[in-house]
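Chains A and B supply the protein sequences, listed in that same order. The numbering used here puts the first sequence at residues 1 to 329. The numbering used here puts the second sequence at residues 330 to 658. Below is one structure, written out as structure tokens, with a few remarks after it.
2 protein chains.
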Amino acid sequence: MRRPTLEAVAALAGVSRATVSRVVNGAANVKPDVRTAVMRAVDELGYIPNSAARSLVTRRTDSIALVVSEPPSRVFSDDPFFSAVIRAVSQELEAADRQVILMLASSPAGHARVERYVAGGHVDGVILLSMHGADPLPAALGRSRVPMISHGRPVSSLPVPYCDCDNEGGARTAVEHLIGLGRRRVATIAGPPDMTAAQDRLAGYRAALTAANRRPLVAPGDFTRESGANAMRNLLADDPEVDAVFAASDLMALGALGALRAAGRRVPEDVAVAGFDDIELARFSEPPLTTVRQPVAEVAACIVTMLLAAEPPTAPVILPTELVVRASA
Amino acid sequence: MRRPTLEAVAALAGVSRATVSRVVNGAANVKPDVRTAVMRAVDELGYIPNSAARSLVTRRTDSIALVVSEPPSRVFSDDPFFSAVIRAVSQELEAADRQVILMLASSPAGHARVERYVAGGHVDGVILLSMHGADPLPAALGRSRVPMISHGRPVSSLPVPYCDCDNEGGARTAVEHLIGLGRRRVATIAGPPDMTAAQDRLAGYRAALTAANRRPLVAPGDFTRESGANAMRNLLADDPEVDAVFAASDLMALGALGALRAAGRRVPEDVAVAGFDDIELARFSEPPLTTVRQPVAEVAACIVTMLLAAEPPTAPVILPTELVVRASA
DNA sequence: CTGAAAGCGCTTACAG
DNA sequence: CTGAAAGCGCTTACAG
Numbered sequence: 001m002r003r004p005t006l007e008a009v010a011a012l013a014g015v016s017r018a019t020v021s022r023v024v025n026g027a028a029n030v031k032p033d034v035r036t037a038v039m040r041a042v043d044e045l046g047y048i049p050n051s052a053a054r055s056l057v058t059r060r061t062d063s064i065a066l067v068v069s070e071p072p073s074r075v076f077s078d079d080p081f082f083s084a085v086i087r088a089v090s091q092e093l094e095a096a097d098r099q100v101i102l103m104l105a106s107s108p109a110g111h112a113r114v115e116r117y118v119a120g121g122h123v124d125g126v127i128l129l130s131m132h133g134a135d136p137l138p139a140a141l142g143r144s145r146v147p148m149i150s151h152g153r154p155v156s157s158l159p160v161p162y163c164d165c166d167n168e169g170g171a172r173t174a175v176e177h178l179i180g181l182g183r184r185r186v187a188t189i190a191g192p193p194d195m196t197a198a199q200d201r202l203a204g205y206r207a208a209l210t211a212a213n214r215r216p217l218v219a220p221g222d223f224t225r226e227s228g229a230n231a232m233r234n235l236l237a238d239d240p241e242v243d244a245v246f247a248a249s250d251l252m253a254l255g256a257l258g259a260l261r262a263a264g265r266r267v268p269e270d271v272a273v274a275g276f277d278d279i280e281l282a283r284f285s286e287p288p289l290t291t292v293r294q295p296v297a298e299v300a301a302c303i304v305t306m307l308l309a310a311e312p313p314t315a316p317v318i319l320p321t322e323l324v325v326r327a328s329a
Numbered sequence: 330m331r332r333p334t335l336e337a338v339a340a341l342a343g344v345s346r347a348t349v350s351r352v353v354n355g356a357a358n359v360k361p362d363v364r365t366a367v368m369r370a371v372d373e374l375g376y377i378p379n380s381a382a383r384s385l386v387t388r389r390t391d392s393i394a395l396v397v398s399e400p401p402s403r404v405f406s407d408d409p410f411f412s413a414v415i416r417a418v419s420q421e422l423e424a425a426d427r428q429v430i431l432m433l434a435s436s437p438a439g440h441a442r443v444e445r446y447v448a449g450g451h452v453d454g455v456i457l458l459s460m461h462g463a464d465p466l467p468a469a470l471g472r473s474r475v476p477m478i479s480h481g482r483p484v485s486s487l488p489v490p491y492c493d494c495d496n497e498g499g500a501r502t503a504v505e506h507l508i509g510l511g512r513r514r515v516a517t518i519a520g521p522p523d524m525t526a527a528q529d530r531l532a533g534y535r536a537a538l539t540a541a542n543r544r545p546l547v548a549p550g551d552f553t554r555e556s557g558a559n560a561m562r563n564l565l566a567d568d569p570e571v572d573a574v575f576a577a578s579d580l581m582a583l584g585a586l587g588a589l590r591a592a593g594r595r596v597p598e599d600v601a602v603a604g605f606d607d608i609e610l611a612r613f614s615e616p617p618l619t620t621v622r623q624p625v626a627e628v629a630a631c632i633v634t635m636l637l638a639a640e641p642p643t644a645p646v647i648l649p650t651e652l653v654v655r656a657s658a
């Protein structure tokens, strides 16, 4: 017993396939009684359109790929920021009646899979998330001429439209806050240098320090908690005078908090700590974390709007961040 | 400039569409020089088959839906067990050259989305993960006659084939271990009662206690860390004599560890603790956790094999677990 | 408002 | 080993 087709519905309702198609797709110009008859037939047979057939003619799939350039462990367990972004984007896409296809592409094999999938016409658009360095994905996907928006500024030489939060401005505000607290030696724990979010936040830190005529003190990290703890230990070793730290991600700030506690430094009395992201955990840390809130939902909404727009967007959109002051700084 | 079609490749190579199709699909019987000519044309045009057209005739999509009946927060951040399972299943599916479509279906709206997607013929099969109670999904999906395998024993009245680990046996072994340690008052922190994994582990606990002629002491939990901490506090309040606890998940065991520490009880000296799952964190807790290892990779492989089998499998497959003894018990 | 017909881009018996 | 032709299940101008 095969799934019923349009043909079967048409036969049962006593109309043509074209009419059934119109009713199913909600076209306006169908006589009410005909519509009713068709709907009844649809219900009776449990008819659901075959999506392959539909895609073949409409050239649409109503699916969007959300491509994350990170390994599964990081997406699924480690970083609550990813889950927040994925959740927000999914919600927007679902609201727009699109199916989300989550694809992780951290390995070359993953890249190839994504390329084939997109090139095969499985999706109407691609959202790029968490790209590192000169990710080859935009160029590869560009060939299939599928609309593509990057979540966050891409490094790509290709002009991929994107939406991002104001990483530089947010970082600068946070560092200015630390300086405004009267802190003398303000360090930063930077993110991975191959990611623009990390670059921009570092630039914001430098700008604030330069404006205040201070020497920068930078410890490298990679956005993870462990790297934050390590960096904090190094910072303390390098310069025991450190009395404030801006971590380029909350997870790193949390790591730093742990390292400071282990080193017997009080937060914020001895060392003030600020983060970036405002993940949920930031409210529950000891002490609660002062941080820069990213407008996750707004960025997600913006990206989906850009992606589904009739005209491909040209200018990037930068959304403002907000400093959330809690107990840590 | 549209994507090139079979037609274009055929014209360029000077052969028929049928021949191009054969080459592209790796059919054996094509003359080497013809094959070469076609491949060259494919390369030159950057031809990639249109998947909608292909699906329409083959009635296959080479995609499999992995449906998780949990909210995004739990899948993406909270529970490392999900990420392990998703990762393992994805790996197996990719090895079998299938695309994984991850779908979360914790709300009625999510259910409807999944149903429509599956009924629309988007996938060749469905893997059900983490179903609760009498989940309506199997019945709904059953109507589309898509092959379906459950990861873990379903409650469903429908005979959904499944693969699971030996939850009852694993739990019994763990509890026997606690009793073998000479513990007198062995409690359990149970999982959500609407999940078979929780039911079976509880049954294993009861069986071991009954065999040893002990009274059961059960505190309800829901597999999360917080619920484990709560349950442990209640257990301590209900019966201060408790000197061993079997938690039905590692996350709950970790929560119990925290609660015990807060209550000033030493582990394992005062209270021995065992968990279930063997998530990565289990090795790094203080003290490292004695737990029951689930064969995550093996279950994943089994499920994919069952799903892709020519004949729909009938009997469930139960894989053995293994007690991993560390410092906590 | 409705239907007949063409066509989306493939695969696959069927001949040869 | 290769090609001509039918057909997968839809949508959509085009007539009427």
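By construction, the Cβ of each residue, glycine as well, lies at the ideal position given by its N, Cα and C atoms. Since this is a predicted model, take the numbers as computed values, not measurements.
Item                                                                                                                                                                                           : Value
Who pairs with cysteine 494 of chain B in a beta bridge, going by DSSP?                                                                                                                        : B/Leu648
Does the Cβ of threonine 348 of chain B have 16 or more other Cβ atoms within 10 Å, making it buried, or fewer, making it exposed?                                                             : buried
Show which residues of chain B have a CB atom less than 8 Å away from the CB atom of asparagine 50 of chain A.                                                                                 : Leu385, Gly449 and Gly450
Flag this pair as yes or no: are the beta carbons of leucine 648 of chain B and proline 624 of chain B separated by less than 8 Å?                                                             : yes
Please say whether arginine 172 of chain A and glycine 133 of chain A have beta carbons closer to each other than 8 Å?                                                                         : no
Identify each residue in the region 202 to 224 of chain A for which the Cβ-Cβ distance to at least one residue of chain B is less than 7 Å, and report them in chain order.                    : none
Please report the distance separating the alpha-carbon of serine 249 of chain A from that of glycine 449 of chain B.                                                                           : 42 Å
Which residues bound the alpha helix (DSSP H) around methionine 561 of chain B?                                                                                                                : 554 to 567
In the DSSP assignment, the alpha helix (DSSP H) including threonine 36 of chain A goes from what residue to what residue?                                                                     : 32 to 45
I'd like to know whether the C-beta of serine 556 of chain B is nearer than 8 Å to at least one C-beta of chain A.                                                                             : no
Would you tell me roughly how many angstroms separate the C-alpha atoms of arginine 74 of chain A and arginine 225 of chain A, rounded to the nearest one?                                     : 12 Å
In angstroms, rounded to a whole number, what distance separates the CA positions of isoleucine 377 of chain B and valine 68 of chain A?                                                       : 23 Å
Spell out a yes or no on whether the region 607 to 620 of chain B and the region 535 to 550 of chain B are touching, meaning 3 or more CB-CB pairs, one atom from each, closer than 8 Å.       : no
Can you give me, in chain order, the residues of the region 313 to 324 of chain A that have a beta carbon less than 8 Å from any beta carbon in chain B?                                       : none
Between the beta-carbon of arginine 346 of chain B and the beta-carbon of alanine 339 of chain B, is there less than 8 Å?                                                                      : yes
Rounded to whole angstroms, how far is the Cβ of isoleucine 430 of chain B from the Cβ of valine 414 of chain B, which I believe are closer than 8 Å?                                          : Rounded, the Cβ-Cβ distance is 16 Å, inconsistent with contact.
Taking C-beta to C-beta, are methionine 477 of chain B and proline 467 of chain B nearer than 8 Å?                                                                                             : yes
Where do the N-terminal and C-terminal ends of the alpha helix (DSSP H) with histidine 451 of chain B fall, by residue?                                                                        : From DSSP, histidine 451 of chain B is part of no alpha helix (DSSP H); its letter is neither H nor E.
For the alpha helix (DSSP H) containing leucine 525 of chain B, list its first residue and its last residue.                                                                                   : As written in the sequence, residue 525 of chain B is threonine, which differs from the leucine given in the question. Element bounds for threonine 525 of chain B: 525 to 540.
If you drop the 5 nearest sequence neighbours on each side, which residues of the same chain put their C-beta closer than 7 Å to that of alanine 526 of chain B?                               : Gly481, Asn496 and Gly520
Proline 333 of chain B versus chain A: which residues are under 9 Å apart at the beta carbon?                                                                                                  : Result: empty, since nearest Cβ-Cβ is about 11 Å, beyond 9 Å.
Drop a sphere of 10 angstroms on the beta-carbon of serine 144 of chain A, count the other beta-carbons inside from all chains shown, and report buried for 16 or more, exposed for fewer.     : buried
Alanine 417 of chain B and valine 455 of chain B - do their beta-carbons sit closer together than 8 Å?                                                                                         : no
With DSSP as the reference, please indicate the residues paired to valine 429 of chain B in a beta bridge.                                                                                     : B/Ile393
Considering only their Cβ atoms, is the gap separating methionine 561 of chain B from alanine 588 of chain B smaller than 8 Å?                                                                 : yes
Could you have a look at glycine 509 of chain B and say whether DSSP puts it in helix, strand or coil?                                                                                         : helix
Around the C-beta of asparagine 29 of chain A, are 16 or more other C-beta atoms found within 10 angstroms, so that it is buried, or is it exposed?                                            : exposed
Alpha carbons only, please: which of B/Pro645, B/Glu373, B/Ala503 and B/Phe613 is nearest the one belonging to arginine 535 of chain B?                                                        : B/Ala503
Using a Cβ cut-off of 8 Å, pull out every chain A residue sitting near proline 401 of chain B, in sequence order please.                                                                       : Ser83, Ile86, Arg87 and Ser90
Valine 574 of chain B and alanine 516 of chain B - do their beta-carbons sit closer together than 8 Å?                                                                                         : yes
Per DSSP, what are the beta-bridge partners of leucine 458 of chain B in this structure?                                                                                                       : B/Val397 and B/His480
Rounded to the nearest angstrom, what separates tyrosine 162 of chain A and serine 156 of chain A at their Cα positions?                                                                       : 11 Å
So what does DSSP say about isoleucine 377 of chain B, is it helix, strand or coil?                                                                                                            : coil
Could you name each continuous alpha helix (DSSP H) segment of 4 residues or more that falls completely within the region 245 to 303 of chain A, going from the start of the chain to the end? : 250 to 262
Compute the distance between the beta-carbons of alanine 381 of chain B and serine 107 of chain A, then report whether it is under 8 Å.                                                        : no
So, are the CB atoms of arginine 183 of chain A and leucine 217 of chain A less than 8 Å apart?                                                                                                : no
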